[in-house]
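In full-length UniProt numbering, the protein residues as written are 1 to 533. In this text, a Cβ means the ideal position worked out from N, Cα and C, and glycines have one as well.
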Amino acid sequence: MSAHSQPDSPARSTGPSRRTVLAAAAAAVPVAALTATQATAAPTTLPTGAARPASGREPAAIGRLFDKVEAAMAASAIPGVGLGVWYRGREYVRGFGVTNVDNPSPVTGDTAFRVGSTSKTFTATAIMRLVERGKINLDHPVRRYLPDFRTADPSVGGRVTVRQLLNHSAGWLGDDFTDKGAGDDALAQYVASLADLPQVTPLGKIFSYNNAAIGVAGRIIEVVTGKTYEAAARELVIDPLGLDHSRFFYSELAGQSVATGHDFVDGKVVAVPAYDQMPRTLNSFGGLISSARDQLRYARYHLGHRALPQLLRDRSRLAMQSNPGPGGTLFVELNGAGIGWMLRPTAEGPIVVQHGGDWTGHHSGFLLVPKRDFAITVLTNSESGPDLVSQLCVDDWALREFAGVSNQRAVVRDIAPHRLAQYEGTYVSGSIGINGQYEEFGFELVADKGQLAAKFEGEVALKLGFYRHDYVKQFLPDGTDLIGRANFVRGSNSQVEFLRFGGRLFRRETAARRSSGVRRDLTKLPQLTRPVR
Numbered sequence: 001m002s003a004h005s006q007p008d009s010p011a012r013s014t015g016p017s018r019r020t021v022l023a024a025a026a027a028a029v030p031v032a033a034l035t036a037t038q039a040t041a042a043p044t045t046l047p048t049g050a051a052r053p054a055s056g057r058e059p060a061a062i063g064r065l066f067d068k069v070e071a072a073m074a075a076s077a078i079p080g081v082g083l084g085v086w087y088r089g090r091e092y093v094r095g096f097g098v099t100n101v102d103n104p105s106p107v108t109g110d111t112a113f114r115v116g117s118t119s120k121t122f123t124a125t126a127i128m129r130l131v132e133r134g135k136i137n138l139d140h141p142v143r144r145y146l147p148d149f150r151t152a153d154p155s156v157g158g159r160v161t162v163r164q165l166l167n168h169s170a171g172w173l174g175d176d177f178t179d180k181g182a183g184d185d186a187l188a189q190y191v192a193s194l195a196d197l198p199q200v201t202p203l204g205k206i207f208s209y210n211n212a213a214i215g216v217a218g219r220i221i222e223v224v225t226g227k228t229y230e231a232a233a234r235e236l237v238i239d240p241l242g243l244d245h246s247r248f249f250y251s252e253l254a255g256q257s258v259a260t261g262h263d264f265v266d267g268k269v270v271a272v273p274a275y276d277q278m279p280r281t282l283n284s285f286g287g288l289i290s291s292a293r294d295q296l297r298y299a300r301y302h303l304g305h306r307a308l309p310q311l312l313r314d315r316s317r318l319a320m321q322s323n324p325g326p327g328g329t330l331f332v333e334l335n336g337a338g339i340g341w342m343l344r345p346t347a348e349g350p351i352v353v354q355h356g357g358d359w360t361g362h363h364s365g366f367l368l369v370p371k372r373d374f375a376i377t378v379l380t381n382s383e384s385g386p387d388l389v390s391q392l393c394v395d396d397w398a399l400r401e402f403a404g405v406s407n408q409r410a411v412v413r414d415i416a417p418h419r420l421a422q423y424e425g426t427y428v429s430g431s432i433g434i435n436g437q438y439e440e441f442g443f444e445l446v447a448d449k450g451q452l453a454a455k456f457e458g459e460v461a462l463k464l465g466f467y468r469h470d471y472v473k474q475f476l477p478d479g480t481d482l483i484g485r486a487n488f489v490r491g492s493n494s495q496v497e498f499l500r501f502g503g504r505l506f507r508r509e510t511a512a513r514r515s516s517g518v519r520r521d522l523t524k525l526p527q528l529t530r531p532v533r
């Protein structure tokens, strides 16, 4: 879900965990950079799962992909991986490793993992089915469907449209993970509580990843259909596509292979069943539990494969992948979000349609290149899962290998000190945890030898090097390329106002705001894992 909240312990899952190094916020850092002992100690603690099937008929590129997955699992202590690839008209689905180190059953292509924010695209697909039925209009105000909907800025509550919910341009604080209980009214209560969220940017003008906005879209589905979100999503998307290993509640997967979330504690991989739990409130933007085979089938539908049930007319399906809202970065450069999908440019031209997501102990990637008829999905059951997901879905290795496209070129150049000064300062963001408490966190950016250094507690944790105006690449202090990209956002006065990092906006602090008494805890770091991607 690309959700993030408060620090976790094995006994209490409050949301995705914060890493101990700022670089990890990009979800692109090798595990060795997080804890020096992890990469060397971890492999010896992992049980051996079923051997990877080898038919001898896979293309060489598929073999190289399997090798890459196995190498990353060993280096980063990832117990289990579900992988699905559509390449050259054929499906490749594999499981690697085990579902649980304490009960090491082999992962298969049907093993269910939490997929996190890819759930948002199921919500968007359900919305589009209702659009085709004439029950929703993307450009109508939310209040057409939720008459009591309120926001902290009264002018926004009356004007925000369904489309702006889905393209992440609503502008209010996006990371609210408040638990409203397990009842059928959980989502209704959650949406009612959003009236207190601060408006961070003007409506419709700036991309900022917004979990809460997709929660509103989920509530619209409930009101229009007269069913719970979960029941409507099954009826509109999951069941018609025959996704038999995809559900929102573990109770519905009883007897099936299910992956348990893991962490790395005291030099060992540890299964943490508490990590698997998620408040029902979050289901519409992060709660789906699904398998690699189901995710690939879903990807093939959105590639337009005729052999699958056709949920939408082509015009509607393609509309989800076009006409993006405001752009920027989300780990890589982003044209913007379409209807639920992140639309990513390539150097060669074809658009990458992408999502993926994160929850504590579960990290996933999902992308397709419609013009190349290629798709890949990767599911992991470890807090080090972003290491593999980043290699396959943020870096462009898989895109180059299978689709012949690559990230746009980014050559870092040193910037003069007087130009770097406009970016220096303390940058702060905030989120609301499962317990409903608001918390702020941040870091300091200072000029450092032609680049910017991100400091946490006085130590340099990350370097940012400019490759175009206001756009930066991320490096470890030793120069290791972290793949990820970020960008600065300027206000109406042309001054730097935010750093967009992991899709979230970190506000550049002013002296007045620092003395305002707003509650914050700058001893904690943001976990800006992928949006959800």
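- Item | C-beta contact flag for G84 and I376 at 8 angstroms | yes
- Message: For a test of the three-state rule: what should DSSP assign to P273, helix, strand or coil?
- Response: helix
- Task: Below 8 angstroms CB to CB, which residues in the same chain sit around R143 once its five sequence neighbours on both sides are set aside?
- Result: F149, G157, G158
- Query: If you check the beta carbons only, do Y87 and F374 fall under 8 angstroms apart?
  - Reply: yes
- Work out the CA separation of R57 and F441 for me, nearest whole Å. 51 angstroms
- Grouping DSSP H, G and I as helix and E and B as strand, with all else coil, what is V101? coil
- Message: Which of the three DSSP states is assigned to T281 in this structure?
- Response: helix
- the region 99-108 contacting the region 267-281, beta-carbon criterion three pairs below 8 angstroms: yes
- Query: If you draw a straight line from the C-alpha of I78 to the C-alpha of R293, how long is it?
  - Reply: 20 angstroms
- Rounded separation between T380 and S364 - CA only: 6 angstroms
- Item | Proximal residues to Q199 (C-beta, below 7 angstroms), its chain only, five neighbours per side dropped | T151, A152, D153, V156, G171, W172
- Message: Pull the bridge partners of E222 from the DSSP assignment, please.
- Response: BP columns for E222 are empty, so no partner.
- Return the first residue and the last residue of the beta strand (DSSP E) that V237 is part of. No beta strand (DSSP E) contains V237, which DSSP labels as neither H nor E.
- Can you name the start and end residues of the alpha helix (DSSP H) that P170 belongs to? In the sequence as displayed, the identity of residue 170 is Ala instead of Pro. Element bounds for A170: n/a, residue is neither H nor E.
- Task: Could you check what DSSP says for N487 in three-state terms: helix, strand or coil?
- Result: strand
- Cα separation between M342 and E509? 29 angstroms
- Task: May I have a chain-ordered list of the alpha helix (DSSP H) segments no shorter than 4 residues that lie completely inside the region 370-395?
- Result: 385-393
- Query: Counting only runs that start and end within the region 424-477, where is the alpha helix (DSSP H) found for 4 or more residues in a row?
  - Reply: none
- Would you decide whether N493 is buried or exposed? Buried here means 16 or more other CB atoms lie within 10 Å of its CB. exposed
- Message: According to DSSP, simplified to helix, strand and coil, what is Y87?
- Response: strand
- Quick one: is K449 buried, meaning 16 or more other Cβ sit within 10 Å of its Cβ, or exposed? exposed
- So, Q391 versus V115, is the Cβ gap smaller than 8 angstroms? no
- Item | Cα-Cα separation, K371 to P350 | 6 angstroms
- the region 247-266 in contact with the region 333-348 per 3-pair CB rule at 8 angstroms: no
- Contacting residues, own chain, Cβ-Cβ under 8 angstroms from K455 (five flanking each side not counted): F443, E444, L445, V446, A461
- Query: Per DSSP, M342 forms a beta bridge with which residues?
  - Reply: A337, Q354
- When burial is assigned at 16 or more other CB atoms within 10 Å of the CB, is Q474 buried or exposed? buried
- Task: Consider the C-beta atom of S382 and the heavy atoms of the ligand HEM; say whether any pair is separated by less than 7 angstroms.
- Result: Ligands in the displayed structure: none, and consequently the ligand HEM is not present.
- Proximal residues to R409 (C-beta, below 7 angstroms), its chain only, five neighbours per side dropped: A347
- Message: Within a Cβ cutoff of 7 angstroms, which residues of the same chain sit near F506, ignoring the five residues on either side of it in sequence?
- Response: Y427, V428, S429, G442, F498, L499
- Going by Cα to Cα distance, which pick from S246, F501, G491 is closest to R485? F501
- Query: Can you pull the DSSP bridge partners for T329?
  - Reply: E333
- Query: Just how far apart, CA to CA, sit G325 and N335?
  - Reply: 8 angstroms
- Message: Is it buried or exposed, E459, if we count other Cβ atoms within 10 angstroms and call 16 or more buried?
- Response: exposed
- In whole angstroms, what is the alpha-carbon distance linking S13 and A416? In this prediction, S13 scores a pLDDT of 34, lower than 50, which makes its location untrustworthy; no coordinate-derived value is stated.
- Task: Please classify S13: does DSSP put it in a helix, a strand, or coil?
- Result: A caution first: S13 carries a pLDDT of 34, below 50, which makes its placement in the model unreliable, though a value can still be read off. Three-state DSSP puts S13 in coil, outside helix and strand.
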